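Just below is one structure, and these are the notes that go with it.
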Amino acid sequence: MEQVVSVNVMRESDKITMQQMEDPRMLMYRAGKAVYESYHWHGAVAIFCGTGNNAGDGYVLAQFLCNENIPVHLYLCEERFTPDGAYYFAQCTAREIPYSIWQGEIPTAYETVVDCLLGTGFHGEVQGRIGEMIDAINAAKHAGVFVVSVDINSGLSGENGLGSRCVCSDLTVSIGFLKRGHVLNRARDVMARVVNCNIGIELHGPCSLYPDAKDFASLLPPRPHFSHKGNWGYVTVMGGCLTYSGAAKLANLSAAALRAGCGVVRLAVPDCIVDSVMPYLLESTLAPQPSDAHGMIRFDQTALHVAMDGTKAAAIGMGWGTGGGQEEVLRWLLTHYEQPMVIDADALNTLSVMADGLSLVDHAKGPVILTPHLKEFERLSGVICAESQADPIDHAQAFARDHHVILLLKGTATVVTDGKETYLVNRGSGGMATAGSGDVLSGILAGVLGYCPPTAKTVAMGAWIAGRAGEIAAACSNPISMISSDTVHCIPQAVTEILSAVSKSEQLVPDHAAGIHIFSQEVDANENDKT
């Protein structure tokens with residue numbers, strides 16, 4: 146499982162590593178060597194260099210390319226260097242590697258352009274000459290030139306993946322550890338492929354985890370022939386109302402929970418929509434709930450007990466509306482239900498308007514999993530969307546820790562945390578931006594919680610299955626035409642990838658369909674190997 150760190154943790158880890166080295170400049174050497182070893186270089190190469198240490202990595206790279214007689218030209222923003230960068234630039238000039246101050250050229254005459262303009266510490270919006278150089282690199286990429294970004298795409302924040310004017314790369318070579326900016330927000334739109342290179346930096350500080358299929362294989366136990374549906378968990382899906390009868394139907398009709406592996410799904414819906422839901426029940430059972438005059442679930446303790454009795458997990462709130470008896474229902478569930486409960490959609494909105502909502506969550510009878518998107522999280526926590534988008538990990542961790550929940554904060558990269566362990570799930574397709582995708586996720590979560598322990602890792606697996614199924618669905622069709630049931634149909638393929646822990650070359654649909662591919666490689670840190 147890849148480790149993902151904040152910019153501050155990366156900076157501190159760099160600092161401590163350099164303090165332990167006989168010659169700290171060798172860390173820059175290792176970084177440049179790592180970039181060289183991460184790509185099969187051919188044809189002429191242009192390296193666009195800023196004024197920081199990121200440029201120094203480019204000066205080392207230039208010497209490795211020169212060793213292989215690969216034509217290389219350094220384009221400088223200006224002749225200003227860090228001390229380590231100056232050391233390696235002097236080596237370049239001693240070897241007569243050509244360089245010039247960039248004068249507005251669009252580097253379409255090169256096979257490859259390397260982006261060494263800005264590092265992971267940058268944040269804000271790019272202005273001036275650096276911005277113009279970013280535009281030139283993107284123009285070259287548009288013309289067919291292969292673009293490699295060193296450590297992170299210039300203009301993108303290493304902390305949160307935000308930045309409106311940034312390099313779009315074919316390959317990004319991360320140094321040391323993945324940074325949050327490689328995963329969050331715009332990362333998937335501007336990085337086609339990411340390789341993380343271990344150059345001997347030890348981690349000094351907390352990290353999040355970036356999982357892949359193989360990391361979840363241990364959560365899916367083998368299914369002996371001598372077993373029955375009860376061994377794999379009864380789960381309850383509760384939701385729907387007269388106005389929104391389709392949402393709970395989708396969570397069940399799509400068989401998301403069943404496809405995720407539970408034994409039986411029990412659908413709890415208002416009795417006024419039972420007739421419309423019945424034809425779509427397929428393999429599931431029904432637990433009708435009394436409804437009020439508006440067609441929403443009305444609190445009835447006996448009916449709730451029937452719906453929840455004997456189940457191993459539940460997902461509630463999908464399409465159950467607002468303004469009815471949901472507060473009483475939610476209060477009863479939080480104070481009586483002892484199994485893992487996924488609270489989603491309208492149940493989250495109900496929770497946010499209850500004066501004692503978060504207090505009930507704090508003291509819930511069973512494990513609680515909250516699955517808000519940014520706006521729902523704002524209603525729950527008071528943290529405005531812009532703040533949680535800029536720092537989703539820390540805000541999610543604090544909320545989960547304060548309220549003793551597993552929080553799944555939806556986004557381009559989903560953050561799953563219990564306040565101690567944090568997983569970043571960067572799977573999915575733009576085609577999942579359609580009605581019902583959240584309901585599919587809730588169904589999958591209920592399904593896996595029916596037979597897996599209620600941990601952050603289990604919830605992350607559910608998010609991974611949903612996202613990967615969405616990627617496969619998009620690859621089999623297209624993102625524009627996708628509907629949420631397409632994702633459901635592809636859940637078995639996603640689960641198969643976990644079961645077999647397949648290699649990238651064996652996947653049913655190649656990972657490039659996802660738009661980003663992250664993997665790791667070791668770099669020989671032999672400091673006697675000079676450029």
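Under our numbering, residues 146 to 676 are what the sequence shown spells out, in order. Think of the CB as a built atom: it goes at the ideal place given N, C-alpha and C, for glycine as much as any other residue. Note that the coordinates shown come from a computational prediction; the quantities given were computed from them, not determined experimentally.
| Query | Result |
| --- | --- |
| Coil, strand or helix - L426 by DSSP | coil |
| Whole alpha helix (DSSP H) elements within the stretch 191-249, 4-residue minimum | 198-212 and 228-239 |
| Span separating the alpha-carbon of L569 from that of A239 | 45 angstroms |
| C-beta contact flag for G201 and Y233 at 7 angstroms | yes |
| Opposing strand residues paired with Q148 [DSSP bridges] | L354 |
| Supposed close pair L348, S158 - CB separation, criterion 8 angstroms | 6 angstroms |
| Best match in R613, S630, I625 and G556 for proximity to I643 [C-alpha to C-alpha] | R613 |
| Environment of A254 [buried if 16+ CB atoms lie within 10 Å] | exposed |
| Burial state of P252, where buried means 16 or more other Cβ atoms lie within 10 Å | buried |
| Start and end residues, beta strand (DSSP E) containing N341 | V339 to N343 |
| Beta-bridge pairing of K324 - partner residues as DSSP gives them | V150 |
| Residue span of the beta strand (DSSP E) that contains A459, given as start and end | A458 to M463 |
| The stretch 294-309 contacting the stretch 260-276, beta-carbon criterion three pairs below 8 angstroms | yes |
| Sub-7 angstroms separation of V410 and V380 beta-carbons | yes |
| Bounding residues of the alpha helix (DSSP H) (the contiguous stretch that carries D97) | An answer regarding residue 97 cannot be provided, because it is not within the stretch 146 to 676 covered by the chain. |
| Beta-carbon spacing of D260, F193 below 7 angstroms | yes |
| Neighbourhood of A284 by C-beta distance below 6 angstroms, restricted to the same chain and skipping five residues each side | I251 |
| Check whether F291 and T257 have beta carbons under 7 angstroms apart | yes |
| Cut-off 7 angstroms between Cβ atoms - residues of its own chain near C530, not counting five sequence neighbours on either side | L519, K520 and E523 |
| Own chain, CB closer than 7 angstroms to A605, minus 5 neighbours either side, in chain order | P356, V561, Y568 and V570 |
| Cutoff 7 angstroms: M173 Cβ touching any chain C Cβ | Structure shown: chain C not included; a single protein chain is present. |
| Buried/exposed call for F371, threshold 16 Cβ in 10 Å | exposed |
| Identified DSSP bridge partners for G384 | M463 |
| Assigned exposure category for E147 - 16 Cβ within 10 Å defines buried | buried |
| Other residues of its chain near T632: CB distance less than 6 angstroms, five sequence neighbours each side excluded | V585, A614, G615 and A618 |
| Spatial distance of A402 from G527 (CA atoms) | 31 angstroms |
| Local Cβ density within 10 Å of L427, reported as buried at 16 or more and exposed below that | exposed |
| Paired residues, beta bridge with D678 - DSSP | Outside the shown range of the chain (146 to 676) lies residue 678, about which nothing can therefore be said. |
| E304, buried or exposed, once every other Cβ within 10 Å from all chains shown has been counted against 16 | buried |
| Range covered by the beta strand (DSSP E) that runs through D260 | T257 to C261 |
| Contacting residues, own chain, Cβ-Cβ under 6 angstroms from P599 (five flanking each side not counted) | P485 and P512 |
| Backbone secondary structure at V451 - three-state DSSP | helix |
| Straight-line gap, V647 to S429 (C-alpha atoms, nearest Å) | Note on V647: pLDDT 45, under 50, position unreliable in the model; the coordinate value appears next. Taking the straight line joining both Cα atoms gives about 31 angstroms. |
| The stretch 462-480 contacting the stretch 490-499, beta-carbon criterion three pairs below 8 angstroms | yes |
| Beta-carbon proximity list for A179, same chain, < 7 angstroms, skipping 5 on both sides | V318, I320, C342, I344 and V668 |
| Given L219 as reference, the closest of M278, Y184 and E270 once Cα atoms are compared | M278 |
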